[in-house]
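Trainee:
In the UniProt record's numbering, the protein residues as written are 1 to 134.
(1) Just list the residues that DSSP pairs residue 26 with in beta bridges.
(2) Since residue 19 is in the alpha helix (DSSP H), which residue starts that stretch and which ends it?
(3) Spell out the partners DSSP gives residue 36 in its beta bridges.
(4) I'd like to know if the segment 9 to 28 and the segment 68 to 76 are in contact, where contact means that at least 3 CB-CB pairs between them fall below 8 Å.
(5) What are the boundary residues of the alpha helix (DSSP H) that includes residue 59?
(6) State yes or no: is the C-beta of residue 87 within less than 8 Å of the C-beta of residue 49?
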(Lines of atoms letter the chains of each structure in order from A; the text may use other names.)
(Lines give C-alpha, C1' and ligand atoms only; values in the text may rest on other atoms or scores of the structure.)
Protein backbone atom coordinates (compact mmCIF):
# COMPACT_ATOMS: atom_id res chain seq x y z
CA UNK A 1 0.00 0.00 0.00
CA UNK A 2 1.34 3.41 -0.99
CA UNK A 3 1.09 5.67 2.06
CA UNK A 4 2.03 8.72 -0.02
CA UNK A 5 -0.96 8.60 -2.36
CA UNK A 6 -2.91 11.03 -0.17
CA UNK A 7 -0.20 13.70 -0.09
CA UNK A 8 -1.35 15.59 -3.22
CA UNK A 9 -4.82 16.10 -1.72
CA UNK A 10 -3.32 17.15 1.61
CA UNK A 11 -1.06 19.61 -0.20
CA UNK A 12 -4.04 21.00 -2.13
CA UNK A 13 -6.10 21.42 1.06
CA UNK A 14 -3.27 23.21 2.84
CA UNK A 15 -2.82 25.56 -0.12
CA UNK A 16 -6.56 26.33 0.03
CA UNK A 17 -5.97 27.71 3.54
CA UNK A 18 -4.00 30.56 1.96
CA UNK A 19 -7.13 31.72 0.13
CA UNK A 20 -9.42 31.27 3.12
CA UNK A 21 -10.63 34.51 4.70
CA UNK A 22 -11.41 32.78 7.99
CA UNK A 23 -9.45 31.02 10.69
CA UNK A 24 -6.10 32.77 10.13
CA UNK A 25 -4.24 34.10 13.15
CA UNK A 26 -1.26 35.83 11.52
CA UNK A 27 -1.07 38.70 9.06
CA UNK A 28 2.20 39.31 7.27
CA UNK A 29 2.80 42.72 5.71
CA UNK A 30 5.28 42.19 2.89
CA UNK A 31 7.14 44.74 0.77
CA UNK A 32 7.67 48.44 1.04
CA UNK A 33 5.73 51.46 -0.19
CA UNK A 34 4.23 51.75 -2.69
CA UNK A 35 4.09 47.98 -3.21
CA UNK A 36 2.88 46.31 -0.01
CA UNK A 37 0.70 43.23 0.26
CA UNK A 38 -0.91 41.68 3.33
CA UNK A 39 -0.86 37.88 3.52
CA UNK A 40 -2.97 35.83 5.91
CA UNK A 41 -1.36 32.81 7.49
CA UNK A 42 -1.61 30.31 10.31
CA UNK A 43 0.74 30.34 13.26
CA UNK A 44 0.92 26.56 13.59
CA UNK A 45 1.92 26.00 9.97
CA UNK A 46 4.51 28.79 9.97
CA UNK A 47 5.89 27.57 13.27
CA UNK A 48 6.44 24.00 12.13
CA UNK A 49 7.65 24.74 8.60
CA UNK A 50 10.12 27.58 9.17
CA UNK A 51 12.70 28.05 11.96
CA UNK A 52 12.68 31.78 11.14
CA UNK A 53 8.95 32.11 11.78
CA UNK A 54 9.20 29.82 14.82
CA UNK A 55 11.61 32.28 16.41
CA UNK A 56 9.53 35.33 15.49
CA UNK A 57 6.29 33.76 16.68
CA UNK A 58 7.81 32.54 19.95
CA UNK A 59 9.01 36.10 20.61
CA UNK A 60 5.53 37.53 20.02
CA UNK A 61 2.80 37.56 22.63
CA UNK A 62 0.67 34.48 21.94
CA UNK A 63 -2.58 35.54 23.54
CA UNK A 64 -5.40 33.21 22.63
CA UNK A 65 -7.62 34.72 19.98
CA UNK A 66 -5.25 37.58 19.21
CA UNK A 67 -4.11 38.31 15.67
CA UNK A 68 -0.32 38.40 15.28
CA UNK A 69 1.16 40.87 12.79
CA UNK A 70 4.58 40.44 11.15
CA UNK A 71 6.23 43.01 8.89
CA UNK A 72 8.72 41.95 6.20
CA UNK A 73 9.77 45.02 4.25
CA UNK A 74 12.83 43.50 2.57
CA UNK A 75 10.97 40.78 0.61
CA UNK A 76 8.97 41.35 -2.56
CA UNK A 77 5.33 40.23 -2.31
CA UNK A 78 5.57 38.00 -5.42
CA UNK A 79 8.59 36.22 -3.93
CA UNK A 80 6.86 35.80 -0.58
CA UNK A 81 3.87 34.26 -2.38
CA UNK A 82 6.24 31.59 -3.73
CA UNK A 83 7.66 31.05 -0.23
CA UNK A 84 4.18 30.68 1.29
CA UNK A 85 3.12 28.18 -1.38
CA UNK A 86 6.17 26.13 -0.49
CA UNK A 87 5.56 26.39 3.26
CA UNK A 88 1.92 25.35 2.96
CA UNK A 89 1.82 22.87 0.14
CA UNK A 90 5.34 22.01 -0.91
CA UNK A 91 4.54 23.62 -4.27
CA UNK A 92 7.19 25.56 -6.07
CA UNK A 93 7.89 27.18 -9.36
CA UNK A 94 5.46 26.70 -12.17
CA UNK A 95 6.52 26.91 -15.79
CA UNK A 96 5.48 30.56 -15.89
CA UNK A 97 8.66 31.50 -14.04
CA UNK A 98 11.47 31.83 -16.55
CA UNK A 99 13.29 34.83 -15.14
CA UNK A 100 16.61 34.19 -13.37
CA UNK A 101 15.84 37.02 -10.96
CA UNK A 102 12.75 35.25 -9.58
CA UNK A 103 14.70 32.08 -8.83
CA UNK A 104 17.60 33.98 -7.29
CA UNK A 105 15.35 36.16 -5.10
CA UNK A 106 13.52 33.03 -3.97
CA UNK A 107 16.85 31.47 -3.03
CA UNK A 108 17.78 34.56 -1.01
CA UNK A 109 14.39 34.57 0.76
CA UNK A 110 14.60 30.82 1.43
CA UNK A 111 17.95 31.44 3.07
CA UNK A 112 16.52 34.27 5.19
CA UNK A 113 13.64 32.07 6.35
CA UNK A 114 15.98 29.10 6.94
CA UNK A 115 14.12 26.80 4.53
CA UNK A 116 16.92 24.32 3.85
CA UNK A 117 14.96 22.10 1.47
CA UNK A 118 13.91 25.10 -0.61
CA UNK A 119 17.48 26.42 -0.66
CA UNK A 120 18.76 23.14 -2.09
CA UNK A 121 15.95 22.94 -4.63
CA UNK A 122 16.37 26.56 -5.74
CA UNK A 123 20.09 26.02 -6.30
CA UNK A 124 19.31 22.94 -8.38
CA UNK A 125 16.74 24.80 -10.47
CA UNK A 126 19.07 27.75 -11.03
CA UNK A 127 21.83 25.42 -12.13
CA UNK A 128 19.64 23.31 -14.42
CA UNK A 129 17.66 26.12 -16.04
CA UNK A 130 20.40 28.72 -16.26
CA UNK A 131 23.65 26.76 -16.55
CA UNK A 132 24.36 28.44 -19.89
CA UNK A 133 24.71 31.73 -18.02
CA UNK A 134 27.46 30.35 -15.83
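Note that CB positions come from ideal geometry on N, CA and C, so glycine has one too. Keep in mind that this is a model prediction, so the values were computed, not measured.
Mentor: In brief:
(1) 41, 68
(2) 7 to 19
(3) 31
(4) yes
(5) 51 to 59
(6) yes
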